[in-house]
Amino acid sequence: IGQGDAHWLQASIGVDAGDGEQVERALHAALAQYRQGADHQRVQAVLARQFVNASFRDPAATALQLRQVFAADAACPSGVATWVQAAWANVAGLTNDPGAAIKHDLQAYREALASGQTRQALVSATNAAESFATLGDLDAAMQWSSVALDLARSTAWPASIGFCLVQVGDVLRLLARYDESRAHL
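For our numbering, count along the sequence shown from 1 and bump the result up by 1300.
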């Protein structure tokens, strides 16, 4: 299980590096280790995280496969539900359904916080903000961008703070609050 956790971390490093092949290899290796260790919850988390990654390549096909493994309203432990909801959010967002993306991103955010997955909570909050902006609800976009920024600042992770500052700055720009936007950007 510890080796699976190391591969899970390697997948996260691959995400940060923009190396999709590393992410796939690491998740595949994590899955094998978790299966060998008979850790059903971690197996389910990897499967869901693989769907998150697959959604970027082919969201429609991913939706079909995801539905076979995880129903959109499936009851799962928070550590798994984070990734299931993130996968559904990606599918919705990438198939032009920002309303459904918001629903799933907000659920992923709550599940991520409940399971201690702060980085995924940040991603889900910023994705929800982006979907609110797409729908023209700039007040909600600003609210969720601020939630993400506050969470990022609490971690003191420079890359996360920077990403969230850009998100807030972009929403402020859309609100025509240019001086505030410039300060954040």
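All residues carry an ideal CB built from backbone N, CA and C; glycine is no exception.
Reducing DSSP to helix, strand and coil, say where residue i ends up.
| i | result |
| --- | --- |
| Phe1432 | helix |
| Ala1375 | coil |
| Thr1251 | Since the first and last residues shown for the chain are 1301 and 1485, residue 1251 lies out of range. |
| Gln1417 | coil |
| Phe1463 | helix |
| Leu1485 | coil |
| Asp1405 | helix |
| Asn1396 | coil |
| Asp1339 | coil |
Got a sec? Which residues, its chain only, sit under 7 Å from residue i by beta carbon, not counting five neighbours each side?
| i | result |
| --- | --- |
| Glu1480 | Leu1472 |
| Ala1400 | Ala1392 |
| Ala1452 | Leu1422, Ser1460, Ile1461, Cys1464 |
| Gln1443 | none |
Could you please give the first and the last residue of the uninterrupted alpha helix (DSSP H) stretch that includes residue i?
| i | result |
| --- | --- |
| Thr1455 | 1438 to 1455 |
| Arg1477 | Here Arg1477 belongs to no alpha helix (DSSP H), and DSSP marks it neither H nor E. |
| Asp1305 | 1302 to 1317 |
| Ala1329 | 1320 to 1336 |
Please return the same chain residues whose Cβ sits closer than 6 Å to the Cβ of residue i, not counting the five positions on each side in sequence.
| i | result |
| --- | --- |
| Ala1311 | Val1323, Ala1326, Leu1327 |
| Gln1303 | Gln1333 |
**Report entry** Complete alpha helix (DSSP H) runs within the region 1344 to 1368 (minimum length 4 residues, chain order)
**Finding:** none
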